[in-house]
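So the structure is just underneath, and the comments pick up after that.
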Amino acid sequence: MTLSLAEQKAIEEKRRHTRIPFNRPITIYVNDKQNTATITDLSLHGIGFVCYAPLNPNDRIEVHFEVPEDQKLYHDFQFKAEVKHCIDLFPEKHIGVELETPTEEYIELFDKLASA
Numbered sequence: 005m006t007l008s009l010a011e012q013k014a015i016e017e018k019r020r021h022t023r024i025p026f027n028r029p030i031t032i033y034v035n036d037k038q039n040t041a042t043i044t045d046l047s048l049h050g051i052g053f054v055c056y057a058p059l060n061p062n063d064r065i066e067v068h069f070e071v072p073e074d075q076k077l078y079h080d081f082q083f084k085a086e087v088k089h090c091i092d093l094f095p096e097k098h099i100g101v102e103l104e105t106p107t108e109e110y111i112e113l114f115d116k117l118a119s120a
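Residue numbers (the numbering used here): 5 to 120.
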């Protein structure tokens with residue numbers, strides 16, 4: 005069976021937005037329970053992270069993380085998100101979430117990281 009160019013492209017690129025490698029600790033809240041995780045990558049509308057929390061696709065979570073602004077200050081980001089995928093890495097899971105509404109500040113952070 006021969007795939008069309010469009011089908012080949014769809015297989016190669018399933019993501020709608022560019023992902024940028026990123027390594028920061030985060031806190032996630034699932035059903036009012038706090039869990040720690042580590043961001044692996046971020047995009048304009050989503051975040052990938054690894055964690056031990058038992059998450060499933062369509063779960064609603066809250067994500068909190070800080071990014072240094074200068075030598076002494078940190079900027080705190082907080083989002084509501086929906087789990088889109090969970091990949092078992094044993095014992096951790098890689099979780100991909102879609103942000104409900106990326107803020108202007110988050111978009112600025114993403115643009116800054118993407119241009120670096």
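Glycine residues also receive a C-beta, built at the ideal position from the N, C-alpha and C atoms.
Per the coordinates, the alpha-carbon of G50 lies some 20 Å from the alpha-carbon of N35. By the C-beta density criterion, L93 is exposed, having fewer than 16 other C-beta atoms within 10 angstroms. By the neighbour-count criterion, in which 16 or more other beta carbons inside 10 Å mark a residue as buried, K37 falls on the exposed side.
Looking only at T42, C55, E109, the smallest Cα-Cα distance to I91 is reached by C55. Burial state of K84 is exposed, judged by a 10 Å Cβ sphere holding fewer than 16 other Cβ atoms. Across the set H79, T44, E66, E108, the C-alpha of T44 shows the shortest separation from the C-alpha of E96. Note on geometry: alpha-carbon atoms of Y78 and G52 lie some 21 Å from one another. DSSP, read as helix, strand or coil, puts Y56 in coil.
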